[in-house]
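Chemist: Residue numbers (UniProt numbering): 1 to 980.
1. In the segment 800 to 885, which residue ranges form an unbroken beta strand (DSSP E) of at least 3 residues, counting only runs that do not cross its ends?
2. Please work out which residues of its chain come closer than 8 Å, Cβ to Cβ, to residue 195, disregarding the five sequence neighbours upstream and downstream, and give them in chain order.
3. If I'm right that residue 33 touches residue 18 with Cβ under 8 Å, what's the distance once you round it to whole angstroms?
4. Could you tell me which residues DSSP pairs with residue 494 in its beta bridges?
5. Counting C-beta neighbours from all protein chains within 10 Å, is the total for residue 652 16 or more, i.e. buried, or is it exposed?
6. Reducing DSSP to helix, strand and coil, say where residue 753 ends up.
7. Pick helix, strand or coil for residue 715, following the three-state DSSP scheme.
8. Is it the case that the Cβ atoms of residue 536 and residue 482 are separated by a distance below 9 Å?
9. How would you write the range of the alpha helix (DSSP H) that residue 187 sits in, first residue to last?
10. How do the segment 914 to 931 and the segment 853 to 864 stand: do at least 3 beta-carbon pairs fall below 8 Å, yes or no?
11. State the Cα-Cα distance for the pair residue 10 and residue 65, rounded to the nearest angstrom.
12. Where does residue 942 land, buried or exposed, given buried means 16+ other C-beta within 10 angstroms?
13. Taking 6 Å as the limit between beta carbons, can you name the residues of its chain near residue 661, skipping five residues before and five after?
14. I'd like the span of the beta strand (DSSP E) that includes residue 126, first residue to last.
15. Determine, using beta carbons only, whether residue 525 and residue 579 come nearer to each other than 9 Å.
16. Please report the straight-line C-alpha distance between residue 427 and residue 371, rounded to a whole angstrom.
17. Drop a sphere of 10 angstroms on the beta-carbon of residue 299, count the other beta-carbons inside from all chains shown, and report buried for 16 or more, exposed for fewer.
18. Which first and last residues belong to the beta strand (DSSP E) in which residue 107 is found?
19. What residues in its chain sit with their C-beta under 6 Å from that of residue 221, if we drop five residues either side in the sequence?
20. Contact criterion: CB-CB distance below 9 Å. Does residue 11 meet it with respect to chain B?
21. For residue 608 and residue 544, what's the separation of their Cα atoms in angstroms?
22. Do you know whose CA, among 808, 169, 751, 416, lies nearest residue 120's CA?
23. Exposed or buried, what is residue 247 when buried is set at 16 or more other beta-carbons lying within 10 Å of its beta-carbon?
24. Around the C-beta of residue 825, are 16 or more other C-beta atoms found within 10 angstroms, so that it is buried, or is it exposed?
25. Grouping DSSP H, G and I as helix and E and B as strand, with all else coil, what is residue 611?
26. Are at least three pairs of beta-carbons, each pair with one atom in the segment 787 to 794 and one in the segment 772 to 779, less than 8 Å apart?
27. Sort out for me which residues DSSP pairs residue 593 with in a bridge.
28. Is the CB-CB distance between residue 527 and residue 728 below 9 Å?
29. Between the Cα of residue 952 and those of 936, 940, 944, spot the shortest distance and give me the residue it belongs to.
30. Below 6 Å CB to CB, which residues in the same chain sit around residue 606 once its five sequence neighbours on both sides are set aside?
31. Take residue 474 as the anchor and find which of 563, 244, 97, 226 has the nearest alpha-carbon.
32. How far does the beta strand (DSSP E) with residue 765 in it reach, from first residue to last?
33. In this structure, how does DSSP classify residue 797 when only helix, strand and coil are distinguished?
34. What does DSSP give as the partner residues of residue 702 in its beta bridges?
35. Taking the straight line between their C-alpha atoms, what separation do you get for residue 154 and residue 754?
36. Taking 8 Å as the limit between beta carbons, can you name the residues of its chain near residue 277, skipping five residues before and five after?
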């Protein structure tokens with residue numbers, strides 16, 4: 001009789017089983033084969049195991065494993081390898097017992113002994129078993145250099161007894177109470193009543209380093225002259241308590257700055273970049289830069305004595321520490337920046353020079369024609385007449401009246417210090433990156449020869465070093481993710497620029513599989529065809545990248561090789577937006593598993609911008625099809641519509657801060673919400689999920705929106721709309737437009753008009769204006785004019801104001817900087833439009849004829865001369881209405897009756913800064929100093945006795961023609977603040 005097997009065969013947990021064609025009872029020799037799906041296979045190294053029915057013993061199984069080894073196969077998503085180690089740390093287990101294999105989500109929490117910090121500043125780190133089938137640990141740290149800090153170093157410690165210079169990250173008091181944010185409404189409304197040491201002659205923010213309380217979050221600080229760092233806390237009401245900040249092991253002040261502004265610097269440098277010796281802060285008698293701050297010692301990070309002439313930054317200048325100097329020729333006082341480097345930059349340079357451990361150099365090329373993203377180290381310009389010349393330090397130009405120094409906030413660098421003399425384009429000059437040199441003429445700048453990146457790639461290929469990895473190869477079969485620089489077809493034909501085919505798009509749309517509901521630009525990554533120049537791309541769903549070779553629509557494929565690691569996608573992004581990312585990550589920053597894209601409306605709206613055919617390949621991998629700029633895993637929302645909010649909230653929640661509101665909005669399912677309203681006074685967060693939204697009064701909320709158009713396009717009565725690049729459903733993507741037609745034609749003689757969703761968030765560009773002003777003047781002098789006329793009355797072209805072609809005119813006030821003569825103190829936005837920055841008869845501009853230098857412009861008077869009781873710009877310096885009370889109802893004082901100290905300090909006597917003429921009775925709300933929130937006024941003699949006025953936005957908002965250049969139109973709606 002055969003020795004059959006009736007009992008069940010031994011099993012291995014988590015292993016897959018296959019039987020070679022038998023059923024119970026198992027015949028002698030009947031086999032079961034076990035395989036393990038875990039990436040590392042069985043833990044004993046075998047590729048497979050077997051169980052076989054014995055041919056000798058009845059009902060017995062012979063196996064390649066023992067009964068005690070039934071756990072040989074780890075769970076497919078578990079971690080078999082040991083978790084990453086950090087030297088000299090303590091760790092605890094979370095969601096597992098420390099035994100392997102570790103389940104997905106199992107976490108190790110690392111902490112340093114005695115509450116010390118890690119070398120990257122963190123208080124703790126963690127490692128989590130990945131949810132991906134790769135036996136990997138996801139860590140909060142990178143590399144092997146993270147360890148517990150050996151010594152306490154600045155800025156996480158005090159250098160002085162008072163600790164005014166402390167800018168570390170401790171945010172709990174001695175008793176363990178959590179600090180409140182310095183800029184919280186509770187603190188700002190009660191700081192004088194509860195806190196100690198606040199100067200009655202200073203604004204609240206002026207007590208803080210950098211002149212901005214919000215930058216200090218809820219960290220321990222000493223904004224007054226207390227005995228050490230402290231903070232406000234909530235303990236049965238608002239109170240304050242000191243913090244336990246250790247002294248540094250080395251209490252010598254570093255000769256470098258920790259932050260861009262460097263207001264914390266307490267080193268001993270006392271000369272400017274030009275070599276001029278600094279004057280003592282207490283020796284100055286004139287009412288100039290520095291003298292005012294000498295009276296308010298709390299603005300300094302250290303004690304001020306009569307001998308103190310060290311470089312400091314008491315007023316928060318963006319360039320860093322500075323000092324006042326005496327002009328040897330005129331005996332007048334002026335100021336200049338000092339040679340104080342950024343500590344981190346100095347450390348990297350020293351490490352590179354001494355230890356040979358150098359950071360990778362940035363790409364020495366630009367991606368765009370403007371090149372404002374360039375962060376290379378080119379610092380020499382080619383001058384045909386005198387040869388190559390080295391660029392001067394940007395900070396050395398800050399006090400030169402003959403040049404216009406760009407705002408340091410517009411530089412792409414993380415920080416600017418005295419050693420920074422690299423080519424940059426902070427003002428988006430159309431000619432590309434530039435710098436100041438000793439021999440620069442005209443505007444004071446010379447241009448740098450920064451090559452395009454594709455030119456650098458091609459040059460490298462000619463030299464025998466072609467790029468072999470991404471982005472110069474394909475990661476997917478159809479190559480939609482490709483962002484390389486091949487610009488010839490497989491037959492050697494040259495590609496046309498993608499933007500050159502936009503005008504004939506309608507003729508080949510259907511033939512080449514373009515979507516009728518999506519604008520031409522919307523088929524391209526980043527939403528702009530022009531950004532891809534003439535490189536091979538796959539904006540539709542063809543077999544592989546291709547390009548146009550003839551204006552008639554003829555096209556051909558390109559020969560792009562697959563990447564060497566074709567089967568394994570590159571798990572990183574090449575660009576800031578990461579639209580080209582084609583990897584396999586499918587877990588959000590909070591640990592949530594992504595849903596399939598088929599559950600979202602986005603794939604229908606943005607399918608051309610996915611790196612694969614998302615219509616056929618259904619997946620849940622992380623993508624960025626709408627080109628949203630991300631920050632730390634969150635979608636980017638932009639502050640828009642000051643004074644208004646979105647009125648159709650789908651959900652209202654209470655949050656602790658705006659960041660939490662952003663997280664909630666980002667994580668909505670099935671797609672993130674389009675916008676949200678946030679009110680800082682109570683943390684109220686309104687989520688906007690509907691497709692189209694209307695605007696209502698703000699009621700204390702600030703509106704935030706993604707970069708598309710959520711509000712309805714501007715309408716013209718009785719006009720018929722035709723939608724192009726979208727189906728009329730909101731939100732509309734950038735570039736989508738509406739053609740408006742009228743049976744009898746429009747009153748301006750045109751047969752059609754357009755409204756196009758612009759590149760700015762929730763803003764429409766129109767080919768028509770909704771009213772007369774600001775394209776006319778309401779006063780004789782037209783100081784309030786902010787229209788777009790840029791020709792003189794004789795037809796000459798106006799020059800840009802920020803180029804200062806003839807220096808500072810003689811009729812400009814000697815008490816004001818050049819830029820301060822312009823409304824909102826914004827000379828750059830004035831571009832080359834007619835303006836009246838001085839008090840001339842009417843608007844004018846500079847012209848290229850050096851014999852006359854300038855001419856008046858022919859700006860018509862408005863039909864309605866009544867001033868608008870609203871503002872057109874965020875700061876509203878053009879407002880010339882008659883409101884004369886603050887938001888709290890306090891009556892405004894006449895501007896010319898203010899004390900002299902206020903008149904100088906707050907620009908009140910600087911008449912060119914007003915939008916109208918100021919007489920003895922003039923007490924109307926104005927904004928002569930360019931305050932960020934709009935018109936304001938004084939209601940008393942004290943420095944704090946001022947308030948903003950209730951001046952709403954006009955239906956037609958601030959006109960920034962540059963935002964509508966690609967659509968040749970006028971900006972309606974949207975964002976009036978700087979993009980966040």
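Ideal Cβ placement from N, Cα and C applies to all residues, glycine included.
Modeler: Reading off the structure:
1. 844 to 846, 854 to 856
2. 224, 232, 240
3. That pair is a contact at about 5 Å.
4. 488
5. exposed
6. strand
7. In the structure shown, residue 715 adopts coil according to DSSP, grouped into three states.
8. A Cβ-Cβ contact shorter than 9 Å links residue 536 with residue 482.
9. 185 to 194
10. no
11. 9 Å
12. exposed
13. 655, 676, 678, 685
14. 124 to 129
15. Judged by their CB atoms, residue 525 and residue 579 are nearer to each other than the 9 Å cut-off.
16. Distance between the alpha carbons of residue 427 and residue 371 is about 11 Å.
17. buried
18. 107 to 112
19. 229
20. In the structure shown, chain B cannot be found, because there is only a single protein chain.
21. 13 Å
22. 169
23. exposed
24. buried
25. Of the three classes helix, strand and coil, the one that applies to residue 611 here is coil, per DSSP.
26. yes
27. 587
28. no
29. That would be 936, whose Cα lies nearest to the Cα of residue 952.
30. Closer than 6 Å at Cβ, skipping near neighbours: 625, 626.
31. 563
32. 764 to 766
33. Residue state, collapsed to three classes: strand.
34. 678
35. 58 Å
36. Result list for residue 277: 270, 271, 309, 325, in chain order.
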